[in-house]
Amino acid sequence: MKDERLSNEQISQVRKDYTKSFYARIRQAKKEGRPVTYTTALGPTELLYAMGVEVCMPENYVTICCAKQMAKGFCEEAETHSISPDLCSYARCGLGMMYSMDGPMGALPEPDFIVGAVSACDPHAKWWELKARHYNVPLFLMDSSYNFKGQIKPHQEAWMISELKRLADFVEEQTGNPFVEDDFRECVRLSGEAHSTFAEIQELRKHIPAPRGIREMVGDLFYLITQAGRRESVEYYRMVLKETRERVRRGEGVLDEEKTRLYFHNIPLWFNLQIFDWLAAQGAVVAMDFYTNHVWHGFFFDGGRFDSEDPFRDLARKWLFFDNHVGLPVKLSRSLISAREWGCQGAIFFSNRSCKVYSIGQPEQISALEQELGVRSFTFEAEMADPRSFSMDRWKEHMCMFLDFL
Amino acid sequence: MQIDFGDVLRERHRWALEHKEKGGLMMGCYSAMVPEELMWSCGVLPVQFLMSSGDYGESQAYLPPYVCDCSKSIFEEYVNGTYSYLDGLMVSHVCETIRSLAGILSVRRPDRFVHVFTAPAGNDAGARRYLKSELIGLGDKLQSLGAVPMSEERLEEAISVYNENRALISELYRVRGGNPGSVEPEEVLSAVLSAGIMPRPQHNQMLRGFLKTIHQGPEKTGTRIILSGLLFENEVAGRGNLFSIFRESNALVVWDDLATGMRYRFERIEDLEGGDPLDRLVESLMGPQPAPLRSPAEGKAGQLLQAARDYGGEGVIFLIPKYCDPILFNIPTLTQILKEHGLPALCLEVSGSLPEGQMRTRVEAFLEMISGSPFNV
C-alpha cells in the first residue's frame, strides 16, 4: 500500500536517528560504568555484544567526521603529533580526534580496553596500539592466517576459532562478564540473518533500473559493521529489503533511464559522496561496488551462510573471507563476478593512498575486467578521509571523458 | 685470507645457481620470519631478496606510487628475470604491501609456487597448533615441488647449522659493540645480508674466518650511534653515502636492528634434550616477532635502550623507508620513549638510494648535538 512505503530519505532518516542513539548509548554506558571497547571496523561485534560490551568504532566516527567536513583539521592535528601524512587517513583523522579530544558529536568516551586486528592491515594493528598507549588500557590483537586462494584449511579455521575464544577469555577478564554460549549463539544468528537479508538487497541491485544506489548502500553498511549481532540490524535490513522489492516491482530506480552501469572499487570518498550524485546526473549509476559487497560481506558474497551449527566456526569463516584477509586471486574473481552479474559496462577504480590492502592489485583487476568482460576502467588517486587529496573539478573533467568514451 | 662479504653481495646469485646445479631447489623469501631451517632441511635454499635501487620502471604500471621501494624492487627483479632460477616465493606477513605483492606475483606467474607465511604475533596454544600444522603442510608442498621429504634428523641438523650461524653473528655484534672501530659497519651488515643468500654451512665457515681476521687494536673514539629501520643492499655493498658521512663525522655504529637478518642475531632455537625439532622450530617462530607490525613498539624501544646501555650508544638514527606503514606507526612511540630516557633520535626518510646533500647536513647536525653526551640511564 502506498502509504506504507518509505522514501530513501525516510530510510536514511531512520538510520541517522539510530546512529545518534547508538553514540548516545555508548556515552550512557560509560556514565553507568558499563564496559566500552574500541574496535576496528572488522571487529567481532557479535562476540562483544553477546558479552555485554558497548562497541565503539572510531573508523565509523571518522566517516561521520568526513561527512561533516571536519576531517581535514583532525588529520592536521595528528600530523602535529608525529603521525606521518603518508599513513592511513582513517588513522590520522581518528588519532587527531583522540589528541584534540573532539569529534563530530563531541569526543568519544574513553575505552576500557581495545580490540585490534594484526591480520587485517597495518593500521588495524598499529593505530590501535597508539590508542591503547594513549588511554593506557589493555590491547587485544586478533591474528589469523591469510586466505590466499579462498580455500580455508582446517588448521586455519581452527586458529581463528581459537582467537575468538581467546578474545572471549580476555573480555571476561576485563569486564567480569561471563561468556554465555546461548547469548553468543543468538548474536551470531542475528548477524547471519542481517547478512542474508543484506545479500538479498544486493541481489536486487541487478535489476534495471537499479533500485538502490551506492550512496544508500554505503549508509546501510553502518548496521552490518557496527550492529552485527543486534536485532536492530535485522529490522533495518528487512525494512530496506521490503522497500527495495517494492521499487523493483514498480520499476523504480536510482535513475529512470540508466545510460551506464558502473562498478566502483574501493572505499567511498566519505567527504565527497556527491560524486555519486554527479554521476547520476550524467545518467550513470553505480550498480555494484566492492566496498559494500566484498569487504565485510565477502563470505556471504561468495555464497557462504552461517549454517555450521557452531557460532565460533561461522564467525571464523566470516572473518577469513573479509577482503582484508583474501589474496588477489579471490579479489580478482569477486570483481569479475560483480561487474558481470550486475551488468556493469564500466568500472571506476579509486586508487586509495590510505588503503594499500584494497588498492594494491587493482591493475590486475582492471586488466581482467577488460580482457574477460570488455569492461573498461577509469582510475583516480585520492584518500578516503582526507579532503586535501581530491579535486572535484579535475575528477569531473576526467570522468566526463571516460563516460563519453563508454 | 681476506674475507669480504661484499663480494658475496656483488655476486649475489652465484650461490643459488650453484645450489641449483647440484639439484637443489630455491625459494625466494622476504623477511627472516620464514621457516628457513625447514626449507634447508628439505634441500631448499632460502634466498632472501636484496633491495636494489633503480627507477623501477616496470613496477610503475602494476604498483601504486605510494608503496615502498622494497616491494618495487622485488616486483621489478621477479618479473624481469633476475630471479628466474627460483622455484617459488615465500613471504612472511610483515606488512600488507608484501602480502599483496605476493598476490600480484602469483597472478602474473601462476606457474610458480607462492606462499604467504604467517608467523603468529602472539604466543598461545591455538597459534602453536596452527603453526605446527602449517609447517607440516609446507613440508608436503615443498616435497610436491621436488624437495626432499621432511625428516626429524635433517631438521635437527638444519637447526644446528642455523643456531651456529646465529651464535657467530651474535659474536660479531658483540665484538663490534665492544670496539666499533675494529670492523666497518658495512662489513657487519654485508655479513648479515650474505646469510640470507648463501648456504648457511658455507656462511658459517666464512664467518668463523672473518671473526679471526678482526684485530682488536686500540679502541677508536667517536660518537657511538645505533641504527634502526631498513637499508638497501647498494648502500651496504656499494659503499653508499651514509657510511661515508659517518666516517667523515667520526661516528661509530655500535649496534643496529636493521630489518634484514634481525632474527638471525636474536633468536636461537632452544636445544631441548630429546625434544621434537619441529616443536622447537614452532616455538622459535612464535610471537612477538621482530617485525614492527607483529610486536608492540615498546618492545623495540626496550631493545634500543638496552643496546645503548650495553654499548655506550649516544643516539639512534632511524632509517625509515618511504611508505613503510609499520615503521612509520612505530616512530611516535619510539621517539617518545627514547626521549623520556634521554636517548636522542634522528628520523631519516630513506628510499632506494640516499640523497647525500640534505642527509649529510642532518646527520652532521645530529652528531654534533649528541657528541660527548653518553647515554647513561
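Just so you know, the sequences run in chain order A and B. Residues 16 to 421, numbered by this note's numbering, are exactly what the first sequence covers, in order. Residues 10 to 386, numbered by this note's numbering, are exactly what the second sequence covers, in order. In this text, a Cβ means the ideal position worked out from N, Cα and C, and glycines have one as well.
Short CB-CB distance (under 7 Å) between residue i and chain A
i	result
residue 304 of chain B	no
residue 335 of chain B	yes
residue 300 of chain B	no
residue 130 of chain B	yes
residue 139 of chain B	yes
residue 44 of chain B	no
residue 125 of chain B	yes
residue 39 of chain B	no
residue 87 of chain B	no
residue 142 of chain B	yes
residue 320 of chain B	no
residue 332 of chain B	yes
residue 135 of chain B	yes
Cutoff 7 Å: residue i Cβ touching any chain B Cβ
i	result
residue 16 of chain A	Reliability fails at residue 16 of chain A, whose pLDDT of 45 lies under 50, so the model's placement of it is uncertain and no value is given.
residue 358 of chain A	no
residue 362 of chain A	no
residue 379 of chain A	yes
residue 294 of chain A	no
residue 236 of chain A	no
residue 240 of chain A	no
residue 132 of chain A	no
residue 202 of chain A	no
residue 322 of chain A	no
residue 170 of chain A	yes
residue 370 of chain A	no
residue 313 of chain A	no
residue 329 of chain A	no
Cut-off 6 Å between Cβ atoms - residues of its own chain near residue i, not counting five sequence neighbours on either side
i	result
residue 141 of chain A	none
residue 373 of chain B	258
residue 40 of chain B	101 and 103
Buried versus exposed, by CB contacts within 10 Å (16 or more), residue i
i	result
residue 92 of chain A	buried
residue 90 of chain B	exposed
residue 326 of chain A	buried
residue 145 of chain B	exposed
residue 26 of chain B	exposed
residue 413 of chain A	exposed
residue 420 of chain A	exposed
residue 160 of chain A	buried
residue 169 of chain A	exposed
residue 369 of chain A	buried
residue 202 of chain A	buried
residue 233 of chain B	buried
residue 132 of chain B	exposed
residue 268 of chain B	buried
Beta-bridge pairing of residue i - partner residues as DSSP gives them
i	result
residue 280 of chain A	A/364
residue 233 of chain B	B/261
residue 275 of chain A	A/299
residue 304 of chain A	A/279
residue 78 of chain A	Per DSSP, none; premise fails for residue 78 of chain A.
residue 396 of chain A	A/366
residue 212 of chain A	DSSP, once it has assigned bridges, lists no residue as partnering residue 212 of chain A.
Close-in-space but distant-in-sequence residues of the same chain around residue i (CB under 8 Å, 5 per side omitted)
i	result
residue 44 of chain B	126, 144, 147, 290 and 294
residue 354 of chain A	278, 303, 362, 384, 388 and 390
residue 18 of chain B	59, 199, 202, 203, 206, 242, 245 and 246
residue 182 of chain A	59, 62, 130, 155 and 157
residue 192 of chain B	181, 184, 185 and 223
residue 152 of chain B	51, 158 and 159
residue 31 of chain A	none
residue 16 of chain A	In this prediction, residue 16 of chain A has a pLDDT of 45, which is less than 50 and means its spatial position is unreliable; nothing more can be read from the coordinates.
residue 335 of chain B	103, 104, 300, 301 and 302
Residue i Cβ short of 6 Å to the ligand NAP heavy atom set
i	result
residue 209 of chain B	By its list of ligands, the structure shown contains no ligand whatsoever, and the ligand NAP lies outside what it can speak to.
Beta-carbon proximity list for residue i, same chain, < 7 Å, skipping 5 on both sides
i	result
residue 14 of chain A	Given a span of 16 to 421 for chain A in the structure shown, any question on residue 14 of chain A remains unanswerable.
residue 185 of chain A	155
At a CB distance below 7 Å, what residues from the region 146 to 164 of chain A approach chain B? Give them in sequence order.
Under the 7 Å Cβ criterion, the region 146 to 164 of chain A contributes 148, 156, 158, 160, 161 and 163.
Output, in sequence order along the chain, the residues in the region 82 to 116 of chain A whose CB is closer than 7 Å to any CB in chain B.
In summary, the residues of the region 82 to 116 of chain A whose CB is separated from some CB of chain B by less than 7 Å are 96, 97, 98, 99, 101 and 102, in the order they occur in the chain.
Below 8 Å between beta carbons is the criterion; list the residues of the region 105 to 121 of chain B that meet it against any residue of chain A, in chain order.
Listed by position along the chain: 105, 106, 108, 109, 110, 111, 112, 113, 115, 116 and 117.
Of the residues that make up the region 156 to 171 of chain B, which ones have a beta carbon closer than 7 Å to any beta carbon in chain A?
Correct list: empty, as no residue qualifies.
Can you list, in chain order, the residues of the region 52 to 78 of chain B whose Cβ is nearer than 7 Å to any Cβ on chain A?
Those would be 70, 71, 72, 73, 75 and 76, in chain order.
Residues, ordered as in the chain, of the region 338 to 354 of chain B that lie near chain A by beta-carbon distance below 9 Å
So the close ones are 338, 339, 340, 341, 342, 344 and 345.
Along the region 172 to 203 of chain A, what residues have a CB closer than 7 Å to any CB found in chain B?
Listed in chain order, the positions of the region 172 to 203 of chain A with a beta carbon within less than 7 Å of a beta carbon of chain B are 173, 174, 177, 178 and 181.
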